[in-house]
Every structure is written in structure tokens, then in C-alpha cells.
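In the UniProt record's numbering, the protein residues as written are 1 to 240. Every residue gets a Cβ at the ideal spot worked out from N, C-alpha and C, and that includes glycine. Structure, as C-alpha cells:
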Amino acid sequence: MATQIVFVGHHKKRLLESIRALREYPVRKVVLAVGQQGSSGERKARKIAEELAEELKTVWDIEIVEIDKKDVMRAASQLVSLIKRESERGEVILNISGSLRTFAVAAYIAACVTGSRIITSIPRYDENDNEVGIEEIVEIPVLPVDFPGKEQLEIISAMDSGVESLDDLVFRLNPDIKKGSKEFRSERSRLSHHLAKLEEAGFVRRKKVGRNVRIEPTSLGRIVAGVLACQISSSHTLKS
Numbered sequence: 001m002a003t004q005i006v007f008v009g010h011h012k013k014r015l016l017e018s019i020r021a022l023r024e025y026p027v028r029k030v031v032l033a034v035g036q037q038g039s040s041g042e043r044k045a046r047k048i049a050e051e052l053a054e055e056l057k058t059v060w061d062i063e064i065v066e067i068d069k070k071d072v073m074r075a076a077s078q079l080v081s082l083i084k085r086e087s088e089r090g091e092v093i094l095n096i097s098g099s100l101r102t103f104a105v106a107a108y109i110a111a112c113v114t115g116s117r118i119i120t121s122i123p124r125y126d127e128n129d130n131e132v133g134i135e136e137i138v139e140i141p142v143l144p145v146d147f148p149g150k151e152q153l154e155i156i157s158a159m160d161s162g163v164e165s166l167d168d169l170v171f172r173l174n175p176d177i178k179k180g181s182k183e184f185r186s187e188r189s190r191l192s193h194h195l196a197k198l199e200e201a202g203f204v205r206r207k208k209v210g211r212n213v214r215i216e217p218t219s220l221g222r223i224v225a226g227v228l229a230c231q232i233s234s235s236h237t238l239k240s
């Protein structure tokens, strides 16, 4: 049974039809996503979400969640967490039929990272160009993400929000290592090689701060590390 995550904008009829049009997929739950930030437009979206929840609660389990509508990468991270939670009980489908543009971008990033399905709808208009429903549901292809390997994931996780230098990262991963030793130089070389690959792929960034070069994960790096950490945790749970 699937969970459908629906991004609520101002087109209630389009949203309602797109939700019902997915009845070919066995849906157990509908999650209605609204913006965290308050505004006049958001008040209308929240009102529509409440109306949809009232109309749909007799058919499906309904939940209303708040997602950052200004920071796209933070919204994508929130969605990844939500997808991982719901995917424990079945497939997750992202419905961007009536979403704001920032929600649509965040949803697409989250779909690519998690491999989730994402759909939208083509509006239908009458002879006076008034929207009167939807013509069809369209599934959007997602681009595969080239995930970092296990060693690279450990590096991203170890740096947390960032380290002040490469040496700091060596010590985080190897607390007992002696600076200047052969092992230290070997580990420093290994990490430098991996960091170059991670930076090229857009998972980490390096920037000069005084005499040091600070290393920190990008927003994409944090999202991907979070996804893989969840996958590792889930596999350990299944084995136990």
C-alpha cells in the first residue's frame, strides 16, 4: 500500500482530482504538505488542506505536515526524512499537481535522491479557457543519483557540519592516530583523494579560512548522507 504526498497550493479541484485519479495504485495514506512560513497565500493553502483532509478522511488516513517553502534544499531534506518514514510501510508517490514552484523543485530533488515516483497533472480547460479539471496524470522520470561509496559516506558523516582542516578530519576518523606518523600521512593522503572526488560530485566544499582550508558537506551531501544512514539503519533493523 502506497503513501501519496500531496503539495497543497491554491487549486483545490485539480488537487482533488489528481488524488482520486491515482486510485489505480492502492493508496493507504495521503499526506498533505503545506508551507511552514505564514503568509496571506499560505493561509489559503492551509484552508484548502483542511478542507481536503475533511473530504478525504473517510477514504484514507490523512496527515498534514509543514515543509519549508523558501529554502529548497532544507525542504528536500525534510521530504527525504518523510519519505524514509513512510517507505517503511510501502511505496511513496509525490504528487506536485498543485504545488508551489519551490515545493516542486524540492520534491523532484527528494524523488531523485530516494528513487521515489513523482507525478503531476495536465489541467483541462473549457472553451472559455477556464480550468475545469485535469486531462491526465503524468509521471515525471527521475534522474539517478550517483551515491558516494561506504568510505566516502563515513567521511561526510565524520565531518558533521564541517572541520577546520584536513588534519582535524583525520583525527575525527582516527582519534588515536599520531600526527606525523606513517599511518597519519597515509590516512591524510587517502582522505585527500576521497575529498577531491566528493567535491567534484558536489557533496562537499572546501574554502580557505586564514591558513587552513575548511571542509564541509554541501546541502546535497547532508541529504545523501542522511538517506544512506537511514538505509544502513533499516538493514540493521531487518537483520536483527
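Out of Ile118, Gly149 and Pro26, state which residue places its alpha-carbon closest to the alpha-carbon of Pro141. For the purposes of this step, residue 141 is taken as the residue at position 141 of the sequence shown. When only C-alpha atoms are compared, the closest one is Ile118.
Checking 8 Å against the spacing of the C-beta atoms, do Leu15 and Gly98 come in under that value? By one-based count along the sequence shown, residue 15 stands at place 15. By one-based count along the sequence shown, residue 98 stands at place 98. Going by C-beta atoms, Leu15 is nearer than 8 Å to Gly98.
Among the residues of its own chain, which have a CB less than 7 Å from the CB of Ala76, if the five just before and after it don't count? In the sequence shown, residue 76 corresponds to position 76, counting from 1. Excluding sequence neighbours, Ala76 sits near Ala106, Ile109, Ala110 and Ile223.
Environment of Met159 [buried if 16+ CB atoms lie within 10 Å]: Here the question's residue 159 lines up with position 159 in the sequence shown. The residue is buried, with at least 16 neighbouring Cβ atoms inside 10 Å.
With a threshold of 8 Å on Cβ separation, who are the neighbours of Leu198 within its own chain once the five nearest residues in sequence on each side are excluded? Taking the first residue of the sequence shown as 1, we reach residue 198 at position 198. Around Leu198: Pro148, Gln152, Ile155, Ile156, Val204 and Gly221.
Between the CA atoms of Lys47 and Ile5 - distance to the nearest angstrom: In the sequence shown, residue 5 corresponds to position 5, counting from 1. In the sequence shown, residue 47 corresponds to position 47, counting from 1. When rounded, the distance between both Cα atoms is 17 Å.
Thr3 and Val80 look like a contact to me (Cβ under 8 Å); what is the Cβ gap, rounded to whole Å? Position 3 of the sequence shown, counted from the start, is the residue given in the question as residue 3. Position 80 of the sequence shown, counted from the start, is the residue given in the question as residue 80. So it is not a contact: roughly 14 Å between Cβ atoms.
Among Val209, Ala201, Ala33 and Phe184, nearest to Gln78 - alpha-carbon criterion: Against the sequence shown, residue 78 aligns to sequence position 78. Closest option to Gln78, Cα to Cα, is Ala33.
Starting from Phe103, trace the alpha helix (DSSP H) both ways and give me its first and last residue. Sequence index remark: in the sequence shown, residue 103 carries index 103 (1-based). Taken as a continuous stretch (DSSP letters only), the alpha helix (DSSP H) holding Phe103 covers Arg101 to Thr114.
Could you give the DSSP three-state label for Lys208: helix, strand or coil? To locate residue 208, count along the sequence shown from 1; it is residue 208. Here Lys208 sits in strand by DSSP.
Could you tell me the alpha carbon to alpha carbon distance between Arg85 and Gly115, rounded to whole angstroms? Within the sequence shown, residue 85 is the residue found at index 85, counting from 1. Within the sequence shown, residue 115 is the residue found at index 115, counting from 1. Between Arg85 and Gly115, the C-alpha separation is close to 14 Å.
Option in Phe103, Ser181 and Pro123 with minimal Cα separation from Asp68: Locating residue 68 in the sequence shown gives position 68, where the first residue counts as 1. Taking only the C-alpha atoms, the option nearest Asp68 is Phe103.
Any idea if Asn128 is buried or exposed, counting beta-carbon neighbours within 10 angstroms, 16 or more meaning buried? The sequence position of residue 128 within the sequence shown is 128, counting from 1. Exposed, since its Cβ has fewer than 16 Cβ neighbours within 10 Å.
With DSSP collapsed to three states, give me the class of Glu17. Here the question's residue 17 lines up with position 17 in the sequence shown. It is helical.
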